[in-house]
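Peer 1: Got a structure here, written out as C-alpha coordinates. Questions coming.
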(Lines of atoms letter the chains of each structure in order from A and count residues from 1; the text may use other names and numbers.)
(Lines give C-alpha, C1' and ligand atoms only; values in the text may rest on other atoms or scores of the structure.)
Protein backbone atom coordinates (compact mmCIF):
# COMPACT_ATOMS: atom_id res chain seq x y z
CA UNK A 1 0.00 0.00 0.00
CA UNK A 2 1.44 3.38 -0.97
CA UNK A 3 1.43 6.50 1.20
CA UNK A 4 -1.34 7.95 -0.99
CA UNK A 5 -3.50 4.86 -0.47
CA UNK A 6 -2.93 5.07 3.30
CA UNK A 7 -4.22 8.66 3.45
CA UNK A 8 -7.39 7.59 1.59
CA UNK A 9 -8.41 5.24 4.45
CA UNK A 10 -9.47 7.24 7.55
CA UNK A 11 -8.41 4.60 10.10
CA UNK A 12 -4.98 4.24 8.50
CA UNK A 13 -4.61 8.00 8.19
CA UNK A 14 -5.38 8.35 11.91
CA UNK A 15 -2.90 5.57 12.73
CA UNK A 16 -0.22 7.22 10.60
CA UNK A 17 -0.81 10.52 12.42
CA UNK A 18 -0.53 8.79 15.81
CA UNK A 19 2.71 7.07 14.78
CA UNK A 20 4.13 10.38 13.59
CA UNK A 21 3.18 12.02 16.91
CA UNK A 22 4.82 9.20 18.86
CA UNK A 23 7.97 9.46 16.75
CA UNK A 24 8.09 13.19 17.45
CA UNK A 25 7.68 12.54 21.19
CA UNK A 26 10.51 10.02 21.13
CA UNK A 27 12.69 12.56 19.40
CA UNK A 28 12.00 15.07 22.20
CA UNK A 29 12.62 12.68 25.06
CA UNK A 30 15.06 14.05 27.58
CA UNK A 31 16.25 11.09 29.60
CA UNK A 32 19.35 9.02 30.15
CA UNK A 33 18.36 6.29 27.73
CA UNK A 34 18.23 7.34 24.11
CA UNK A 35 15.28 5.99 22.13
CA UNK A 36 16.03 2.83 20.15
CA UNK A 37 17.37 3.48 16.68
CA UNK A 38 15.25 2.19 13.83
CA UNK A 39 18.22 0.18 12.55
CA UNK A 40 18.88 -1.43 15.95
CA UNK A 41 17.60 -5.00 15.47
CA UNK A 42 17.75 -5.74 19.20
CA UNK A 43 15.94 -2.58 20.38
CA UNK A 44 12.55 -4.28 20.67
CA UNK A 45 13.60 -7.79 21.68
CA UNK A 46 11.29 -7.84 24.70
CA UNK A 47 8.31 -6.63 22.69
CA UNK A 48 8.95 -9.23 19.98
CA UNK A 49 9.07 -11.95 22.64
CA UNK A 50 5.78 -10.79 24.21
CA UNK A 51 4.15 -10.75 20.78
CA UNK A 52 5.38 -14.30 20.16
CA UNK A 53 3.89 -15.41 23.48
CA UNK A 54 0.53 -13.96 22.42
CA UNK A 55 0.44 -16.18 19.34
CA UNK A 56 1.68 -19.28 21.20
CA UNK A 57 -0.67 -19.03 24.19
CA UNK A 58 -4.41 -18.57 23.44
CA UNK A 59 -5.22 -16.88 26.80
CA UNK A 60 -2.88 -14.06 25.76
CA UNK A 61 -4.26 -13.67 22.22
CA UNK A 62 -6.05 -10.42 23.08
CA UNK A 63 -2.89 -8.97 24.59
CA UNK A 64 -0.70 -9.00 27.64
CA UNK A 65 0.89 -6.25 29.73
CA UNK A 66 4.16 -6.93 31.50
CA UNK A 67 6.45 -5.25 33.96
CA UNK A 68 9.99 -6.57 33.84
CA UNK A 69 13.28 -5.31 35.11
CA UNK A 70 16.72 -6.36 36.26
CA UNK A 71 18.89 -3.85 38.10
CA UNK A 72 21.34 -3.18 40.85
CA UNK A 73 20.31 -0.44 43.25
CA UNK A 74 22.84 2.21 44.31
CA UNK A 75 23.05 0.28 47.60
CA UNK A 76 24.42 -2.70 45.68
CA UNK A 77 21.27 -4.79 46.14
CA UNK A 78 20.30 -6.71 43.02
CA UNK A 79 16.64 -6.73 42.02
CA UNK A 80 14.98 -8.73 39.26
CA UNK A 81 11.23 -8.81 38.78
CA UNK A 82 8.69 -9.87 36.20
CA UNK A 83 4.94 -9.68 36.37
CA UNK A 84 2.30 -9.83 33.69
CA UNK A 85 -1.42 -10.14 33.14
CA UNK A 86 -3.69 -10.67 30.16
CA UNK A 87 -5.08 -7.36 28.92
CA UNK A 88 -8.68 -8.50 29.20
CA UNK A 89 -8.15 -9.42 32.86
CA UNK A 90 -6.78 -5.95 33.56
CA UNK A 91 -9.57 -4.17 31.71
CA UNK A 92 -12.27 -6.15 33.52
CA UNK A 93 -10.76 -5.74 37.01
CA UNK A 94 -12.06 -3.32 39.62
CA UNK A 95 -9.52 -0.53 39.32
CA UNK A 96 -10.72 1.13 42.50
CA UNK A 97 -8.85 -1.58 44.42
CA UNK A 98 -5.63 0.12 43.29
CA UNK A 99 -6.57 3.64 44.37
CA UNK A 100 -4.72 3.48 47.70
CA UNK A 101 -1.47 2.40 46.02
CA UNK A 102 -1.71 5.24 43.51
CA UNK A 103 -2.76 7.71 46.20
CA UNK A 104 0.31 6.85 48.26
CA UNK A 105 2.47 7.84 45.29
CA UNK A 106 0.57 11.07 44.72
CA UNK A 107 2.61 13.21 47.08
CA UNK A 108 6.05 14.68 46.31
CA UNK A 109 7.36 13.96 49.83
CA UNK A 110 6.41 10.29 49.58
CA UNK A 111 8.06 10.02 46.18
CA UNK A 112 11.20 11.58 47.62
CA UNK A 113 11.09 9.15 50.55
CA UNK A 114 10.90 6.22 48.15
CA UNK A 115 13.81 7.58 46.12
CA UNK A 116 15.90 8.12 49.24
CA UNK A 117 15.14 4.66 50.63
CA UNK A 118 16.03 3.03 47.29
CA UNK A 119 19.31 4.94 47.18
CA UNK A 120 20.36 3.95 50.68
CA UNK A 121 18.88 6.33 53.25
CA UNK A 122 16.88 3.73 55.16
CA UNK A 123 16.75 4.83 58.80
CA UNK A 124 14.29 7.17 60.45
CA UNK A 125 17.23 9.31 61.60
CA UNK A 126 18.67 9.52 58.09
CA UNK A 127 15.32 10.36 56.54
CA UNK A 128 14.54 12.92 59.26
CA UNK A 129 17.81 14.68 58.39
CA UNK A 130 16.53 15.59 54.93
CA UNK A 131 15.39 19.22 55.24
CA UNK A 132 12.83 19.12 52.44
CA UNK A 133 10.86 16.32 54.12
CA UNK A 134 9.43 18.44 56.94
CA UNK A 135 9.03 17.57 60.60
CA UNK A 136 9.50 14.16 62.20
CA UNK A 137 5.72 13.93 62.60
CA UNK A 138 5.23 14.60 58.90
CA UNK A 139 7.91 12.03 58.09
CA UNK A 140 6.13 9.35 60.13
CA UNK A 141 2.78 10.27 58.55
CA UNK A 142 4.20 9.80 55.05
CA UNK A 143 5.99 6.58 56.00
CA UNK A 144 2.72 5.17 57.42
CA UNK A 145 0.98 5.99 54.12
CA UNK A 146 3.69 4.20 52.13
CA UNK A 147 3.66 1.19 54.46
CA UNK A 148 -0.16 0.91 54.35
CA UNK A 149 -0.05 0.86 50.55
CA UNK A 150 2.76 -1.70 50.46
CA UNK A 151 5.39 0.54 48.85
CA UNK A 152 7.59 0.43 51.96
CA UNK A 153 8.02 -1.99 54.83
CA UNK A 154 9.80 -1.68 58.11
CA UNK A 155 12.71 -4.13 57.99
CA UNK A 156 13.81 -3.44 61.58
CA UNK A 157 12.95 -0.87 64.20
CA UNK A 158 13.50 2.53 62.58
CA UNK A 159 14.73 1.00 59.32
CA UNK A 160 12.76 0.92 56.08
CA UNK A 161 13.02 -0.75 52.70
CA UNK A 162 11.12 -0.93 49.45
CA UNK A 163 10.13 -4.60 49.01
CA UNK A 164 11.79 -6.25 46.02
CA UNK A 165 8.36 -6.94 44.50
CA UNK A 166 7.69 -3.17 44.44
CA UNK A 167 11.02 -1.86 43.09
CA UNK A 168 10.50 -2.65 39.39
CA UNK A 169 6.78 -1.68 39.40
CA UNK A 170 7.70 1.63 41.07
CA UNK A 171 10.46 2.40 38.58
CA UNK A 172 8.23 1.26 35.70
CA UNK A 173 5.52 3.64 36.92
CA UNK A 174 8.01 6.50 36.92
CA UNK A 175 9.17 5.54 33.45
CA UNK A 176 5.57 5.44 32.23
CA UNK A 177 4.67 8.84 33.62
CA UNK A 178 7.53 10.46 31.74
CA UNK A 179 6.08 9.64 28.34
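Residue numbers (the working numbering): 22 to 200.
C-beta: ideal position from N, C-alpha, C; glycine also.
Out of 80, 96, 107, 124, which one is the CA nearest neighbour of residue 88?
Peer 2: It is 107 whose Cα lies nearest to the Cα of residue 88.
Peer 1: Taking residue 102 as the reference, which of 96, 188, 75 has the closest Cα?
Peer 2: Looking at the Cα atoms, 188 is the closest of the given residues.
Peer 1: Excluding five sequence neighbours on each side, which residues of the same chain lie with their C-beta closer than 6 Å to the C-beta of residue 167?
Peer 2: So the qualifying residues of the chain are 125, 131, 173.
Peer 1: Looking at the unbroken beta strand (DSSP E) that takes in residue 178, where does it start and where does it end?
Peer 2: No beta strand (DSSP E) holds residue 178; DSSP gives it neither H nor E.
Peer 1: At the level of alpha carbons, what is the spacing between residue 83 and residue 170?
Peer 2: Approximately 30 Å between the Cα atoms of the pair.
Peer 1: Candidates 98, 123, 146: which alpha carbon is nearest residue 190's?
Peer 2: Residue 190 has its Cα closest to that of 123, out of 98, 123, 146.
Peer 1: Please report the straight-line C-alpha distance between residue 81 and residue 41, rounded to a whole angstrom.
Peer 2: Each residue's Cα considered, the two are about 28 Å apart.
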